[in-house]
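Before any comments, here is the structure.
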């Protein structure tokens, strides 16, 4: 009888939990709407105030990005307010000091000093999409080396070029970095930065293939500045055009393996709306 009672109670507990979750979501939404309503008239281009706005908005969308990908119609009102907030607190791109990654680079050096490195590896380099990629497990039949450092921009890879690329004598280089565009730079500016790195690679390794991993349209792009998707497309289009004039410059579409039948990015393939989870990488690996 006691066992039956527990079984009978289980659906009610699940329903109660769902109701609580919906109530929490509604409360979050109301609080965010109230914040936006108060913040928008006080809009400012002041760096600290813009950062505070982005932190508040970022916290809300990080909590609700997956539900948004499934039910965007439920967020139409708050999204309209949020767009006004973005206009009131305009984000300006800025260059950052590469030295903030000195500890990461020293960690690479320390690892290199203590371990036998693969000869002429396929070298994965770039930002957190690379860093989080379990490349050795994903490509067991290849000699691979991962030198991704999370949050990095293309200028950081350029600054630490010798430490993350030049010293390894790779057989191929696979490059991904999206933080310049997500940080507000145009697709043209970001691609120009990438070509500075590519010029160094060509000078040092004139016959080594370079695989440009396209900038992905992650679910979180929905919450970025309205011009970001077009900047991503521009960045990728410039890379695709490069393949027509340079046979060693290859292009791999990071979106294609993770699209559903309707051509939409699948939210459940991302751990946080920005980075792939294990299921996402599992679809990328065989395609690559």
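Numbering (my numbering), first residue to last: 13 to 300.
Glycine included, every Cβ here is placed at the ideal spot set by N, Cα and C.
> Can you find a heavy atom of the ligand ADP that lies under 8 Å from the Cβ of residue 171?
Replying inline: No copy of the ligand ADP appears in this structure; indeed no ligand is present at all.
>> I need the straight-line Cα distance from residue 126 to residue 96, nearest angstrom please.
In response: 53 Å
>> Helix, strand or coil for residue 128? Go by DSSP, reduced to three states.
In response: coil
>> Buried or exposed for residue 154, going by 16 or more other Cβ atoms inside 10 Å?
In response: exposed
> If you compare alpha carbons, which of 209, 81, 103, 88 is closest to residue 67?
Replying inline: 103
> How should residue 135 be labelled, buried or exposed, when 16 other C-beta atoms within 10 angstroms of its C-beta is the threshold for buried?
Replying inline: buried
> Do residue 212 and residue 244 come within 9 Å of each other at the CB atom, strictly closer than that value?
Replying inline: no
>> Just to confirm, is the Cβ distance from residue 100 to residue 65 under 9 Å?
In response: yes
> Hey, quick one: how far does the beta strand (DSSP E) through residue 156 stretch, first residue to last?
Replying inline: 156–160
>> So, under 8 Å CB-CB, residue 299 and residue 269 are touching, yes? Tell me the CB distance rounded to an integer number of Å.
In response: 4 Å
>> residue 46 and residue 75 - do their beta-carbons sit closer together than 9 Å?
In response: no
> Looking at the structure shown, is residue 186 part of a helix, part of a strand, or coil, going by DSSP?
Replying inline: strand
>> Less than 8 Å between C-beta atoms, sequence neighbours within five positions excluded: which residues of the same chain meet that for residue 262?
In response: 221, 222, 223, 224, 255
> Which runs of the alpha helix (DSSP H) spanning at least 4 residues fall entirely within the region 166–238, listed in chain order?
Replying inline: 166–171, 173–176, 191–194, 199–216
> Between residue 19 and the rest of its own chain, which residues show a CB-CB distance below 8 Å, the 5 nearest in sequence each way excluded?
Replying inline: Low local confidence applies: a pLDDT of 46 at residue 19 is under 50, so the model's placement there is unreliable, with the coordinate-based value given in what follows. There are no such residues.
> So which of 275, 138, 278 has the shortest CA-CA distance to residue 186?
Replying inline: 138
>> Taking 9 Å as the threshold (C-beta atoms), are residue 123 and residue 160 in contact?
In response: no
>> Below 8 Å on the Cβ atoms is my contact criterion, and I expect residue 81 with residue 231 to pass it. Report the Cβ-Cβ distance as a whole number of Å.
In response: 5 Å
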